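Notes follow once the structure below has been shown.
Protein chains: 2
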Amino acid sequence: MAVYTDVADDELRAFVALYDLGEVLSCKGIAEGVENSNYFITTETGNFILTLYEKRVARTDLPFFIALMEHLAQKGVACPTPLRGRDGTALRELCGRPAAIVTFLAGMWPRRIQPFHCAGVGQALAALHSAGASFTMRRANDLSVAGWRPLFAACAGRAREVHPGLAEELDGELGFLETVWPCDLPSGVIHGDLFPDNVFFRDRIVSGLIDFYFACTDALAYDLAVCLNAWCFEADSSLNVTKARLLLDNYRQARPLMPTELAALPLLARGSALRFLLTRLFDWLNQPAGALVRPKDPLEFLRKLRFHRTVTSVRDYGLDA
Amino acid sequence: MAVYTDVADDELRAFVALYDLGEVLSCKGIAEGVENSNYFITTETGNFILTLYEKRVARTDLPFFIALMEHLAQKGVACPTPLRGRDGTALRELCGRPAAIVTFLAGMWPRRIQPFHCAGVGQALAALHSAGASFTMRRANDLSVAGWRPLFAACAGRAREVHPGLAEELDGELGFLETVWPCDLPSGVIHGDLFPDNVFFRDRIVSGLIDFYFACTDALAYDLAVCLNAWCFEADSSLNVTKARLLLDNYRQARPLMPTELAALPLLARGSALRFLLTRLFDWLNQPAGALVRPKDPLEFLRKLRFHRTVTSVRDYGLDA
Numbered sequence: 004m005a006v007y008t009d010v011a012d013d014e015l016r017a018f019v020a021l022y023d024l025g026e027v028l029s030c031k032g033i034a035e036g037v038e039n040s041n042y043f044i045t046t047e048t049g050n051f052i053l054t055l056y057e058k059r060v061a062r063t064d065l066p067f068f069i070a071l072m073e074h075l076a077q078k079g080v081a082c083p084t085p086l087r088g089r090d091g092t093a094l095r096e097l098c099g100r101p102a103a104i105v106t107f108l109a110g111m112w113p114r115r116i117q118p119f120h121c122a123g124v125g126q127a128l129a130a131l132h133s134a135g136a137s138f139t140m141r142r143a144n145d146l147s148v149a150g151w152r153p154l155f156a157a158c159a160g161r162a163r164e165v166h167p168g169l170a171e172e173l174d175g176e177l178g179f180l181e182t183v184w185p186c187d188l189p190s191g192v193i194h195g196d197l198f199p200d201n202v203f204f205r206d207r208i209v210s211g212l213i214d215f216y217f218a219c220t221d222a223l224a225y226d227l228a229v230c231l232n233a234w235c236f237e238a239d240s241s242l243n244v245t246k247a248r249l250l251l252d253n254y255r256q257a258r259p260l261m262p263t264e265l266a267a268l269p270l271l272a273r274g275s276a277l278r279f280l281l282t283r284l285f286d287w288l289n290q291p292a293g294a295l296v297r298p299k300d301p302l303e304f305l306r307k308l309r310f311h312r313t314v315t316s317v318r319d320y321g322l323d324a
Numbered sequence: 004m005a006v007y008t009d010v011a012d013d014e015l016r017a018f019v020a021l022y023d024l025g026e027v028l029s030c031k032g033i034a035e036g037v038e039n040s041n042y043f044i045t046t047e048t049g050n051f052i053l054t055l056y057e058k059r060v061a062r063t064d065l066p067f068f069i070a071l072m073e074h075l076a077q078k079g080v081a082c083p084t085p086l087r088g089r090d091g092t093a094l095r096e097l098c099g100r101p102a103a104i105v106t107f108l109a110g111m112w113p114r115r116i117q118p119f120h121c122a123g124v125g126q127a128l129a130a131l132h133s134a135g136a137s138f139t140m141r142r143a144n145d146l147s148v149a150g151w152r153p154l155f156a157a158c159a160g161r162a163r164e165v166h167p168g169l170a171e172e173l174d175g176e177l178g179f180l181e182t183v184w185p186c187d188l189p190s191g192v193i194h195g196d197l198f199p200d201n202v203f204f205r206d207r208i209v210s211g212l213i214d215f216y217f218a219c220t221d222a223l224a225y226d227l228a229v230c231l232n233a234w235c236f237e238a239d240s241s242l243n244v245t246k247a248r249l250l251l252d253n254y255r256q257a258r259p260l261m262p263t264e265l266a267a268l269p270l271l272a273r274g275s276a277l278r279f280l281l282t283r284l285f286d287w288l289n290q291p292a293g294a295l296v297r298p299k300d301p302l303e304f305l306r307k308l309r310f311h312r313t314v315t316s317v318r319d320y321g322l323d324a
């Protein structure tokens, strides 16, 4: 639950006047998302989303994110499309923060994941990767293997507050992944955070992907491993093999997976589970006083991580190959 | 900042299907309001507000609020109008809570109050009171003089945490108001909470009044006293006489004030200041652990209360009469 910045009506009116959108009729802070402040705005010409980028998103990364959304939209991916003002600019300032207006996407994100959702996500992710192939800007994944050690170091001393023996287990896992992490897989633009709250559905069909603020250049199969962790486990942290098969099969029907990618998948899934475990652990241990956001449970990803350690081949994810 | 209940997409779809609104295209929790959970919903036929009534609003009061909004809308007051489903019902259940869909109102609430806002509020309040004259349901004001003593009793022991000597000052004020509180003024439906965040403007004109969940039957001039406190003070808690005059003059052009109402206004303003001081004090001292709402400063209303104590006649509010 976010909205960190209160935008005054007169400032908003002046801001929107820089675009060809007509008069602002309404602006409501949206109680979702934790990285930025998002507002649902209605103008004489329609509904839009206004985003104010708060501290957690680096200003230097914003041109990458804006250009990526423009590129993907142009390639037919249903994602928020940044609007350009009459001066041709999409990224400007509001209330002392970088700000952009993007298109509004119809659809709702699913609370209870059904198998058809996983099939849709697989297709949508493959389409995103294909559309991203012609995007020329690059951004390193600062939350990949090289970023995990510093994150772990910042949490290790207090990890036992969350779970006994957690620091030792993470230290061992981290050491292993640092040694074997693959670096030669097909790479390109990845979403990096394609959880259910970032995928809109309409009539059982994916109608939009949102929140590209972890997007970066990395192994495409890693993005698939993120989705495996985000979509295919039940509430008790057991894998739903039907969902996993639908995710992976629908992905590879649109973008075939190389044998190296299939072989690396269990490892990528361990890494992805560790990445979310570490960021959640950090947020859990560093809740600001008076925070408006309830941190998510890090241990959900410890259970997923342990599962992937038992996986010997993609057959355990429901695939034949 | 609210949204206490997460509404699942499938539950929402089933709920909206009870109305003639077409398919739901989007639903975003609104990060405003503290009493209820509000969602901005977009359907194939337009934009609407879905409200889930949380604990703080008594279920038994909901038929009054719903009927009042329907009545006022019918009389031409721009306010949220409850929609009736195909079964003729406006109030039903969603996620175990009473819920209603109301019309969406264009406009934004003003952050920086200008004199013209006060003129508009005066007119709108008089129009609300006139439209309410033919409304036959009644609801006692449980936050009027009889309700202040129990609220004070619940806070008195810890009032000094907020301000030294506060309990003694409030005790004295309360004793005085209980003795002299007027009970023979013209009464009817009042809004009871017409603060800036409950009044939408468009092009310097009031475009809507919202949040009728403190509405009740009480002295009409008391509602005006609430607005005086809510709209006509500067950030340093000094009265802006121009704003006060515009509020009061515009109100009485549409609904003339009786001499008894004018004479009672300073007293009503003291009572209104005490009412908001007490509820804010209570909320300040009773913040639930992990609350998502930052309580408002109670002392703002102590300063206003002290000002009204120095007022000898409505001339101090900028009026000639």
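Going down the list, the protein sequences come from chains L and A.
Quick note on this note's numbering: the first sequence kicks off at 4 and runs consecutively.
Quick note on this note's numbering: the second sequence kicks off at 4 and runs consecutively.
The beta carbon of each residue, even a glycine, is placed where N, CA and C say it ideally should be.
Just so we're clear, the structure is a prediction, and the values are computed from it rather than from any experiment.
Self-check item: Reduced DSSP secondary structure (H/G/I, E/B, other) of A228(L)
Solution: Numbered from its first residue, the first sequence carries residue 228(L) at position 225. In the structure shown, A228(L) sits in a helix (DSSP, three-state: H, G or I).
Exercise. Kindly indicate if chain A contains any beta-carbon less than 9 Å away from that of M4(L).
Key: In the first sequence, residue 4(L) corresponds to position 1, counting from 1. Reliability of the predicted coordinates at M4(L) is poor, the pLDDT of 39 falling under 50, and no value is obtained from them.
Exercise. Note the first and the last residue of the continuous alpha helix (DSSP H) segment covering D252(L).
Key: Here the question's residue 252(L) lines up with position 249 in the first sequence. V244 to A257 is the span of the alpha helix (DSSP H), which, as asked, contains D252(L).
Practice problem: Report back the beta-carbon spacing between E57(L) and R100(L) to the nearest angstrom; my notes put them in contact at under 8 Å. | Solution: For the purposes of this step, residue 57(L) is identified with residue 54 of the first sequence, where counting begins at 1. For the purposes of this step, residue 100(L) is identified with residue 97 of the first sequence, where counting begins at 1. 7 Å between Cβ atoms; contact.
Exercise. Within the same chain, show all residues whose beta-carbon is closer than 6 Å to that of A93(L), passing over the 5 residues directly before and after it, in chain order.
Key: To locate residue 93(L), count along the first sequence from 1; it is residue 90. For A93(L), where only same-chain residues beyond five positions count, the Cβ hits under 6 Å are I69, P85, R87 and A103.
Exercise. Would you tell me roughly how many angstroms separate the C-alpha atoms of Y320(L) and F67(L), rounded to the nearest one?
Key: Your numbering for residue 320(L) matches position 317 in the first sequence. Your numbering for residue 67(L) matches position 64 in the first sequence. Taking the straight line joining both Cα atoms gives about 34 Å.
Exercise. Would you list the residues sitting across from E96(L) in a DSSP beta bridge?
Key: Mapped onto the first sequence, residue 96(L) falls at position 93. The partner list for E96(L) (beta bridge, DSSP) reads P101(L).
Quiz item: Is the CB-CB distance between V240(L) and E303(L) below 9 Å?
Solution: In the first sequence, counting from the first residue as 1, residue 240(L) sits at position 237. In the first sequence, counting from the first residue as 1, residue 303(L) sits at position 300. Residue 240(L) is actually Ser in this sequence, not Val. Yes, Cβ-Cβ distance for S240(L) and E303(L) is below 9 Å.
Exercise. Confirm, please, whether the CB-CB distance from K246(A) to C158(A) is below 9 Å.
Key: As a working note, residue 158(A) is residue 155 in the second sequence. As a working note, residue 246(A) is residue 243 in the second sequence. Cβ atoms of C158(A) and K246(A): not closer than 9 Å.
Quiz item: Below 9 Å between beta carbons: does that hold for G125(L) and D9(L)?
Solution: As a first step, residue 125(L) is located in the first sequence; it is residue number 122 there, counting from the start. As a first step, residue 9(L) is located in the first sequence; it is residue number 6 there, counting from the start. Against a cut-off of 9 Å, the Cβ pair of D9(L) and G125(L) comes out as no contact.
Quiz prompt | Span of the alpha helix (DSSP H), counted from its first residue to its last, around A156(L) | solution = Numbered from its first residue, the first sequence carries residue 156(L) at position 153. Start and end: V148 to C158.
Quiz item: R114(A) to T46(A), Cα distance in whole Å?
Solution: Taking the second sequence and counting its residues from 1, the one referred to as residue 114(A) is at position 111. Taking the second sequence and counting its residues from 1, the one referred to as residue 46(A) is at position 43. Each residue's alpha carbon lies about 29 Å from the other.
Quiz item: Does K31(A) get closer than 9 Å to chain L when you measure Cβ to Cβ?
Solution: For the purposes of this step, residue 31(A) is taken as residue 28 along the second sequence, with counting starting at 1. By this cut-off, K31(A) is an interface position.
Exercise. On the DSSP bridge assignment, give the partners of T48(L) in chain order.
Key: Within the first sequence, numbered from 1, the residue matching residue 48(L) stands at position 45. Answer is none; T48(L) lacks a bridge partner.
Quiz item: Quick one: is R163(L) buried, meaning 16 or more other Cβ sit within 10 Å of its Cβ, or exposed?
Solution: As a position in the first sequence, residue 163(L) is number 160, starting the count at 1. Answer is exposed; the Cβ neighbour count stays below 16.
Quiz item: Which residues does DSSP pair with I208(A) in a beta bridge?
Solution: Here residue 208(A) corresponds to residue number 205 of the second sequence, with the count starting at 1. According to DSSP, I208(A) bridges with R205(A).
Quiz item: Can the beta-carbon of T263(L) be found less than 9 Å from the beta-carbon of D187(L)?
Solution: Numbered from its first residue, the first sequence carries residue 263(L) at position 260. Numbered from its first residue, the first sequence carries residue 187(L) at position 184. It is a contact, given that the beta carbons lie within the stated cut-off.
Exercise. Within 10 angstroms of the Cβ of K307(L), are there 16 or more other Cβ atoms? Answer buried if so, exposed if not.
Key: Here the question's residue 307(L) lines up with position 304 in the first sequence. When all chains shown are included, K307(L) counts as buried.
Exercise. Report the three-state DSSP secondary structure of S133(L) (helix, strand or coil).
Key: Position 130 of the first sequence, counting from 1, holds the residue named residue 133(L). S133(L): helix per DSSP, three-state reduction.
Quiz prompt | Partners in chain A for D13(L), counting only beta-carbon separations shorter than 7 Å | solution = As a first step, residue 13(L) is located in the first sequence; it is residue number 10 there, counting from the start. By Cβ distance, chain A contributes R115.
Quiz prompt | Where the alpha helix (DSSP H) containing V192(L) begins and where it ends | solution = The residue labelled residue 192(L) in the question sits at position 189 within the first sequence. Here V192(L) belongs to no alpha helix (DSSP H); instead the beta strand (DSSP E) covers S190 to I193.
Quiz prompt | A76(L) versus E14(A): straight-line alpha-carbon distance, rounded | solution = Along the first sequence, one-based indexing puts residue 76(L) at 73. Along the second sequence, one-based indexing puts residue 14(A) at 11. Answer to the nearest angstrom: the Cα atoms are 30 Å apart.
Self-check item: Interface residues of the stretch 85-114 of chain L facing chain A [CB-CB below 9 Å]
Solution: F107, L108, A109, G110, M111, W112, P113 and R114
Self-check item: CB contact below 9 Å: T48(A) versus chain L
Solution: Counting from one through the second sequence, the residue named residue 48(A) turns up at place 45. So, not an interface residue.
Quiz item: At what residues does the alpha helix (DSSP H) containing D221(L) begin and finish?
Solution: Locating residue 221(L) in the first sequence gives position 218, where the first residue counts as 1. No alpha helix (DSSP H) contains D221(L), which is instead part of the beta strand (DSSP E) from C219 to A222.
Exercise. Compare the C-alpha of Y3(A) against each of F203(A), T139(A) and H132(A) and name the closest.
Key: Chain A is shown only over 4 to 324; residue 3(A) falls outside these bounds and no answer can be derived.
Quiz item: Any idea what DSSP makes of M4(A), helix, strand or coil?
Solution: For this step, residue 4(A) is matched to residue 1 along the second sequence. A caution first: M4(A) carries a pLDDT of 39, below 50, which makes its placement in the model unreliable, though a value can still be read off. DSSP places M4(A) in coil when its eight states are reduced to three.
Quiz item: When DSSP builds the beta bridges, which residues end up paired with F236(L)?
Solution: Residue mapping note: residue 236(L) aligns to position 233 of the first sequence, counting from 1. Answer is L242(L), bridged to F236(L).
Practice problem: If I'm right that A218(A) touches V192(A) with Cβ under 8 Å, what's the distance once you round it to whole angstroms? | Solution: Numbered from its first residue, the second sequence carries residue 218(A) at position 215. Numbered from its first residue, the second sequence carries residue 192(A) at position 189. Rounded, the Cβ-Cβ distance is 6 Å, consistent with contact.
Exercise. Compare the C-beta of F198(A) against all C-beta atoms of chain L and say whether one is closer than 9 Å.
Key: Taking the first residue of the second sequence as position 1, residue 198(A) is located at position 195. Chain L contact via Cβ: absent.
Quiz item: If we ignore side chains and look at the alpha-carbon of each, how far apart do A238(A) and N232(A) end up?
Solution: To locate residue 238(A), count along the second sequence from 1; it is residue 235. To locate residue 232(A), count along the second sequence from 1; it is residue 229. If I take the Cα positions, the gap works out to 12 Å.
Quiz item: Which one or two residues does DSSP pair with A143(A) in a beta bridge?
Solution: As a working mapping, residue 143(A) is identified with position 140 in the second sequence. Partner(s): T220(A).
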